[in-house]
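Chains as they are written, first to last, in this note's numbering: chain U, 3 to 324; chain E, 6 to 352; chain H, 200 to 541.
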Ligand SMILES: Nc1ncnc2c1ncn2[C@@H]1O[C@H](COP(=O)(O)OP(=O)(O)OP(=O)(O)O)[C@@H](O)[C@H]1O
Ligand SMILES: [Mg+2]
């Protein structure tokens, strides 16, 4: 197991390195684009341009350019955003992280519970009308753009009904948990639901298909032949094996969301998380911020990938290395 | 003797039933799936309606251009001429508010947006862009992914290792962030991009098309490569190798036909995914650029009018849901028809 | 004779499919008496598994239709509620399956899987159940059973897994053990070990065994009575002696002709009878075996009944007269033995 973890970690480091190289090339070496001009924000003054060129060593060899860039992102962490009055980018990302984590964690809890309930119900009620109804609902959830669902939610909770039924919903935005736990919660309820809808749809469908597939496995028949109750067969044998797929999917999606995938939900609800930061950067074409978010986001995803693989080995004894 | 003859005919019949053309068989299964047929019908209807945009738009065109601003325009509601942008709106009665839905099939059926454009016309023209980008990028993505997968799966060894690792790296990027970085990079360059003799202007619909196609390549690559690997080890391929067939012939006439069904299963689901992605990028203002419109840009513009003129956002969202839902249902149907025990799945 | 332990009466199982109704089991009646071994043989697809799975009510396909009765200790299993049948599965009647590689849950330790069954049917503590499981594993010939109980199925070989399955099946002292082709997926040497294990357990526990197989050699070795199935029906049934020394049905002759000999490679599937079994959706009129039978004549258009033409208890479903059968039989089964006869 230890050698497996070490091997997996080494591979993770390699992928991270390649990611930094790819990002470097996208931002610095796109043919026909002057990186200094792109990184210096909108309509930069000649001084700013010269400053950027010097800071990033743009007239020095490729390797030095790459090294300087990485040093600014990871070591000195003093990458400067020119569009944003010289804000330091990395601390800003870390300041935005709690909002994103709050959003994603809450949504994840909702989607795991709902997806398991719906997937198991559909699989159990197979052959009856509830199964197709549940699956069509799941498909609708899968087919709606998340930012649009967010708008609809806002229309309902912030629009006409804001003074009656939904008076408890605070105005759009994020309140830190340390400021007011209550507002933190009430303000996140609809973002949580909105963000989880897509994943509920997806996970419920995957889980149902997986359960139906596993139900035909010989060992499930064995479990029945042992005289176990349907409930126990489902929970201890069928669902337990399904969890292998479920958990690995979950790790990847969770990583992608924390790594910036929640941008749409954050924008539509005005939650100042990492995604929102990226979006603001987009409006000002603030490339240093975007670049840093992409690298940090991708790192997080790669890290989650590694954790998933290790969790997978833990869940499935067949792939567990001795 | 007679018994033997009968036996032959009975097995003959049996194999005829089993060996029927798989495509015909799949089509028969699909035709029996009413839900999938309804989805196909809905999809065709949506496409036809969007293609018929000019039929609606010729009434609302102003200065010969439906997609330009119309801040000073007028229209007719209930026989009266009214301005498109009306004074005062919201609670404070400040500024101008576009007119709301007239529910009149000739002009401003769904009202106007914040620069006085007819929302219904935008919806139809935007649908063209969304569908075009969705379909083209899914096709492009599938073609590129299939070619790479054929090369990787067929040559194996180092080629496969390098290509697969490359795909792993692209896979590791958050899809939206990757698309965003590519898009910002391309958009900061307002003259567009020159690749060899090919010039793509920054505001062209091809910019988002290519970006979206690119980010999903690994998602198609993985299942197709798996299929190539399993087909390449089948006897008929080995037989062809033994006969001295060239690599080119092997790939295109022996392996490709056998992975096409995998790609076809993936295609509708990919179109659904690319349409959603296009709308998201456009919502974030890194997708379709003005003067073009797409469903995503309309929703984005509608955000400011959400509480006064909700239809500006609602209508394109409903169109997206219908289109993507139809594609997903159709995709499920195609999968069940082509490969009843399928394990393929796309996000 | 005493009442049978398990009495299957006119069992019918059909599956609705897109292409029509598949009559997998079409009126099967069988009795199993205490302590005996009943062999069920027949080609692939003849309905052996479906029959015995129906007895256990293990067929979950929503498109399945059942008819008939299965009487176990005086009650009809087919009419029982889920809860009632559960208390019989694994405790009164247990079953082991063909493929030991996939029949154990890959994510649980084998000891745990045996304990789970014991604790489902008896109120015992976990340590007690664990001790029983280890005892059972030892009894089925797993060395180091206490340690091996903590291993996962993939750490065992096929033969060992089948031993685990057997240990699990007998863990609650069932009256009936149904073994569905327990050795088909195993090597020849392992097959013999598993069969002798079943034999030994049967003697030790007095369990009645239903042994499903393709292999006439296996039933010759194991079974007291034998039923031959073809296209969802029983076409001959009798004691082991009767079936081997006085077989009545041309299909049985074919099966006997296919017994593995030392001078030929052992066939996995029966191939000695020319032709394929008929489609279960459209059985031919009359005798289902007619199409493939070399001795077919006019009367075969009528469906032959399963009657005791050759003596009490020895049933067959063939219209040929006893004399005709005698004449053609030996040539079909043992062509090389015919000359040796005085
Ligand atoms: N769920 C089902 N739906 C449709 N047909 C089925 C189903 N289960 C079994 N059958 C059919 O019933 C027939 C009998 O199957 P069964 O498994 O009992 O055969 P068998 O005698 O055990 O064969 P084998 O020796 O291969 O195990 C087969 O033709 C099979 O196709
Ligand atoms: Mg069977």
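No residue lacks a Cβ here, since even glycine has one placed at the ideal position from N, Cα and C. None of the values given here were measured: they were computed from a predicted structure.
### In chain order, each alpha helix (DSSP H) run of at least 4 residues that lies wholly inside the region 260-298 of chain U
265-271, 276-285
### Query
What residues of chain U sit near residue 179 (chain E), judged by a beta carbon separation below 7 Å?
Ordered by position in chain U, the residues that pass the 7 Å Cβ test against residue 179 (chain E) are 258, 261, 262, 263, 299, 300, 303.
### Query
Within 10 angstroms of its Cβ, does residue 505 (chain H) collect 16 or more other Cβ (buried), or is it exposed?
buried
### Message
Using 8 Å for Cβ pairs, my map puts residue 238 (chain H) next to residue 421 (chain H). What's the rounded Cβ distance?
### Response
7 Å
### Query
Exposed or buried, what is residue 5 (chain U) when buried is set at 16 or more other beta-carbons lying within 10 Å of its beta-carbon?
exposed
### Query
Quick one: what's got a C-beta closer than 8 Å to residue 396 (chain H)'s C-beta in the same chain, skipping five residues either side?
Excluding sequence neighbours, residue 396 (chain H) sits near 339, 340, 362, 365.
### Query
Mind checking whether the beta-carbon of residue 249 (chain H) lies closer than 7 Å to any heavy atom of ligand 1?
yes
### Task
Decide yes or no for the touch test of the region 432-444 of chain H against the region 254-268 of chain H: beta carbon pairs closer than 8 Å, at least 3 of them.
The region 432-444 of chain H is not in contact with the region 254-268 of chain H.
### Message
Suppose you measure from the CA of residue 521 (chain H) to the CA of residue 509 (chain H); what does that come to, to the nearest Å?
### Response
Looking at the backbone, the Cα of residue 521 (chain H) and that of residue 509 (chain H) are separated by about 7 Å.
### Query
Going by alpha carbons, who is nearest to residue 358 (chain H) out of H:321, H:302, H:287, H:226?
H:302
### Query
Counting contacts by CB-CB distance shorter than 8 Å, is residue 114 (chain U) in contact with chain E?
no
### Task
Compile a chain-ordered list of the residues in the region 255-276 of chain E whose CB is closer than 9 Å to at least one CB of chain U.
Here the close residues number zero.
### Message
List, from N- to C-terminal side, the alpha helix (DSSP H) runs of 4 residues or more that fit wholly inside the region 239-290 of chain E.
### Response
240-247, 261-288
### Query
Would you report the Cα separation of residue 61 (chain U) and residue 78 (chain U), rounded to the nearest angstrom?
21 Å
### Task
With a threshold of 7 Å, establish whether the CB of residue 223 (chain H) neighbours any heavy atom of ligand 1.
For ligand 1, at least one heavy atom lies less than 7 Å from the Cβ of residue 223 (chain H).
### Task
Could you tell me if residue 401 (chain H) is buried or exposed, where buried requires 16 or more neighbouring beta carbons within 10 angstroms of its beta carbon?
Looking at its Cβ environment, which holds 16 or more other Cβ atoms inside 10 Å, residue 401 (chain H) is buried.
#### Entry: Per-residue DSSP class, three states only, for residue 50 (chain U)
helix
### Message
With a threshold of 8 Å, are at least 3 pairs of Cβ atoms found where one atom belongs to the region 259-273 of chain E and the other to the region 151-158 of chain E?
### Response
yes
### Message
Restricting to runs no shorter than 4 residues, where is the alpha helix (DSSP H) found entirely within the region 270-338 of chain H?
### Response
281-287, 299-302, 309-320, 325-338
### Contact with chain U by residue 296 (chain H), beta-carbon distance below 8 Å
yes
### Task
Determine the direct distance from the alpha carbon of residue 169 (chain U) to that of residue 159 (chain U), and round the result to whole angstroms.
8 Å
### Message
Closer than 7 Å to a non-hydrogen atom of ligand 2 - does that hold for the CB of residue 379 (chain H)?
### Response
yes
### Query
Got a sec: does ligand 1 put a non-hydrogen atom nearer than 7 Å to the Cβ of residue 479 (chain H)?
yes
#### Entry: chain H contact for residue 219 (chain U) (CB, 8 Å cutoff)
Closer than 8 Å: yes.
### Query
In chain order, what residues of the region 121-149 of chain U put their CB closer than 7 Å to some CB of chain E?
141, 142, 144, 145, 146, 147, 149
### Own chain partners of residue 353 (chain E) with C-beta closer than 8 Å, once the 5 adjacent residues on each side are dropped
Nothing in the structure corresponds to residue 353 (chain E), since chain E is present only between 6 and 352.
### Query
To which residues does DSSP link residue 391 (chain H) through a beta bridge?
According to DSSP, residue 391 (chain H) bridges with nothing at all.
### Query
Between the region 267-289 of chain U and chain E, which residues of the former have CB atoms less than 8 Å from a CB of the latter, in chain order?
269, 270, 280, 281, 284, 285, 287, 289
### Query
Quick one: what does DSSP say residue 180 (chain U) is sitting in, helix, strand or coil?
coil
### Task
Would you please verify whether the beta carbon of residue 156 (chain U) is less than 8 Å from any beta carbon of chain E?
yes
### Task
State whether the region 283-290 of chain H contacts the region 224-233 of chain H, with contact taken as three or more CB pairs (one from each stretch) at a distance under 8 Å.
Using a C-beta cut-off of 8 Å, the region 283-290 of chain H makes no contact with the region 224-233 of chain H, since fewer than three inter-stretch Cβ pairs fall below that distance.
### Query
Of all the CB atoms in chain U, is at least one closer than 8 Å to the CB of residue 406 (chain H)?
no
### Query
Distance, Cα to Cα, residue 429 (chain H) vs residue 252 (chain U)?
50 Å
#### Entry: Residue burial classification, residue 240 (chain U) (beta-carbon count within 10 angstroms, cutoff 16)
buried
### Task
Give the interface partners of residue 127 (chain E) over in chain U, defined as CB-CB distance under 9 Å, in chain order.
Per Cβ cutoff of 9 Å: no residues; residue 127 (chain E) is ~16 Å from chain U at best.
### Task
For chain U, find out if any of its Cβ atoms is closer than 8 Å to the Cβ of residue 289 (chain E); answer yes or no.
yes
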